[in-house]
Amino acid sequence: MNTQWVLNTKGDPLGTVNRFISKVWQETGLEGMILPSARKNELRVVDDLSVLGEFNPFQPLMLMNIAGLVPGVLQEHPGGRFGILLRPCELRALNEVTAHKEIEPARLMTICVDCLGTFPDEEFEWRSIRTGSDAGLTKEALQFAPQGGIAAYRYRAACQMCTSPGARSADINLGVLGLPVRQSILVNGQSDLLDWSQVTDKPADPALSSKRQVMLSKLVEVHSQTRDRVLSGLTEVLPANVDVLLDQFEDCGSCQTCMEACPICTANPPQRAKDGRYERQDVVEWLVDCVGCGMCEQSCPKHMPLSIIFTHVKRSLEEVLAA
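The sequence shown lines up with residues -8 to 314 when you count with our numbering.
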């Protein structure tokens, strides 16, 4: 059973969230926190509460989906329980990785934050220079949280088409979409996880939760329309099915950059058959497990629109499986 509470931000949503996580850390006796590094393909395991002040869960940049690196981190740090802060697509990926790898869920306390969207690397860098700092982009993203975020046309394609931007199913979920974040942030968590009155300010008003749900529904509708519009415009040039996609992979030669960036592939990578082609069933499983984070597209040296390609083939695959 879950319970809902509120954090009063007093004009500082980022600082409020970091202080909240610090309190949760102390109340639950965590060994430390697993956080993304400033460099790709690295995670930080921190055991110093003061380091949380350097962390920014609202930064509109996603260098990697950290879920794929979690098994290795837990192997390097046997024993103990760690907190991990995730975007919604990272939480979905972690669930898939857990299904394929021997991860003890009890060793992780998951904290998920509503996603306000992320820019491509180059776009983020350019905008940071324009605004004078990375912090300016975070401030801008949070400023538009009550409206569901900034107009998404500059965001990564995966973010523009994401139909699950809301935090849910984690041990602790932090809601900001649709909310006046300079006043309040919504906390949804397992009622028996800790004494919520010690780490939050008050029980949540149902109206606040309703406001967030209305915005989430609106975003799902807008993002679904974006996805369908892109699909309708590209249907004739997209791979029609898994077999055509396999042919397309042959044109990529030995490049596996998209698979190396995919958290699902770190746990369950497609294997090649004797003829050198990828095993069809392996690719089918990859598509079925895909969480739509878009790291494949972001890493592709050919700049192929992999987010919409995979969405299209996955949809055709689901239609076949449902028939």
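By construction, the Cβ of each residue, glycine as well, lies at the ideal position given by its N, Cα and C atoms.
Predicted model only: the values in this text are computed from it and were never measured.
Check                                                                                                                  : Outcome
Nearest neighbour of A258, chosen from E93, K31, L21 and N(-1) [CA to CA]                                              : E93
Distance CB(P4)-CB(L133) smaller than 8 angstroms                                                                      : yes
Stretch pair the stretch 294 to 309 + the stretch 222 to 242: three plus CB contacts closer than 8 angstroms           : yes
Own chain, CB closer than 8 angstroms to V61, minus 5 neighbours either side, in chain order                           : I25, L34, I75, L85, V88, I94 and L99
Length of the line joining the Cα atoms of G139 and S160                                                               : 20 angstroms
Touching by the beta-carbon criterion (3+ pairs, under 8 angstroms), the stretch 142 to 157 and the stretch 231 to 248 : no
R218 beta carbon less than 8 angstroms from that of M152                                                               : yes
Contact check, G283 vs A149, beta carbons under 8 angstroms                                                            : yes
Stretch pair the stretch 115 to 124 + the stretch 274 to 294: three plus CB contacts closer than 8 angstroms           : no
Buried versus exposed, by CB contacts within 10 Å (16 or more), M(-8)                                                  : exposed
For M250, the nearest candidate out of E212, Y269, R30 and V178 (CA to CA)                                             : Y269
Endpoints, the alpha helix (DSSP H) within which C287 is located                                                       : M286 to S290
Host alpha helix (DSSP H) of G6 (start-end)                                                                            : P4 to T19
Range covered by the beta strand (DSSP E) that runs through V37                                                        : L34 to V37
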